[in-house]
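Quick notes on the structure that follows.
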Amino acid sequence: DTGVSQNPRHKITKRGQNVTFRCDPISEHNRLYWYRQTLGQGPEFLTYFQNEAQLEKSRLLSDRFSAERPKGSFSTLEIQRTEQGDSAMYLCASSLAGTYNEQFFGPGTRLTVL
Amino acid sequence: QKEVEQDPGPLSVPEGAIVSLNCTYSNSAFQYFMWYRQYSRKGPELLMYTYSSGNKEDGRFTAQVDKSSKYISLFIRDSQPSDSATYLCAMNRDDKIIFGKGTRLHILP
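Sequences listed follow chains A and B, in order. Oh and the first sequence: position 20 is 20 in this note's numbering, straight run, nothing missing. Oh and the second sequence: position 90 is 204 in this note's numbering, straight run, nothing missing.
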């Protein structure tokens, strides 16, 4: 399968714990995006990378959130000291630079914070 | 006012009917207009995108953009039960995509 993959698909954690999600983009795509989607809402932009450089972060991305893309391949999104309000679907998408309108999404990681 | 407005539905139509889904937007700087389909518990899937005002057709799907009214539409002809999903309109701002809330569509067999 050459699409975007995300792991884990589901994560249940207790408030205050740290969690890390992984995204593997389509191999030739140099842009990688993270979004958050809550029930009844569209995806909201969190951050994006071009190769290994993080080019922009949304104000939604508090200090508890950090994302990395070492070597410009896969990316990780870490949430420290999780809160119940962090419960959401975390989506990853990738594209070629210059075709940001053609983003391909992964299946998402559903986070539940108890 | 949100940049992109979309009625969340749900919208229920009988199989075979023509479906019309719509969004309005406020930012005249938007250049690309996209429609994504999202099945339950899956990631969004790009259906089609348009760059300018006018119509674009792809099989049973037609996307329409009216920049003067800041209004976009997606029409689905000969709707099928497999079209039941949430449809998200989206537009670009800089290098990012801004999504509408999505409209839940149910095609009744």
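Idealized CB from N, CA, C, for every residue including glycine.
Asked: Spatially closest choice to alanine 67/A from Trp34/A, Asn30/A, Asn7/A, by CA coordinates; Found: Trp34/A
Asked: Three or more C-beta pairs below 8 Å linking the stretch 184-196 of chain B and the stretch 124-135 of chain B; Found: yes
Asked: Among Lys215/B, Asn206/B, Thr217/B, nearest to glycine 98/A - alpha-carbon criterion; Found: Asn206/B
Asked: Proximity winner among Leu111/A, Glu102/A, Ser95/A, Leu91/A, relative to cysteine 23/A (alpha-carbon distances); Found: Leu91/A
Asked: Interface flag, isoleucine 212/B vs chain A, CB-CB below 9 Å; Found: yes
Asked: Closest Cα partner of tyrosine 100/A within the set Lys215/B, Phe144/B, Ala199/B, Ser182/B; Found: Phe144/B
Asked: Check whether threonine 112/A and threonine 13/A have beta carbons under 9 Å apart; Found: yes
Asked: Where glycine 108/A sits in the DSSP three-state scheme; Found: coil
Asked: Helix, strand or coil at glycine 85/A [DSSP, three-state]; Found: helix
Asked: Contact test: arginine 64/A Cβ vs the ligand COA heavy atom, cutoff 8 Å; Found: With respect to the ligand COA, the structure shown offers nothing to examine, as it has no ligands at all.
Asked: C-beta neighbour in chain A for glutamine 120/B, strict 9 Å; Found: yes
Asked: Closer than 9 Å to chain B by CB, leucine 61/A; Found: no
Asked: Cβ of tyrosine 185/B within 9 Å of any chain A Cβ; Found: no
Asked: Own chain, CB closer than 6 Å to phenylalanine 21/A, minus 5 neighbours either side, in chain order; Found: Leu77, Tyr90, Thr109
Asked: Near-chain A residues of the stretch 153-177 of chain B (beta-carbon distance less than 9 Å), N- to C-terminal order; Found: Arg155, Lys156, Gly157, Pro158, Glu159, Leu160, Tyr163, Tyr165
Asked: Serine 5/A, DSSP secondary structure in three states; Found: strand
Asked: Check whether tyrosine 185/B and threonine 138/B have beta carbons under 9 Å apart; Found: yes
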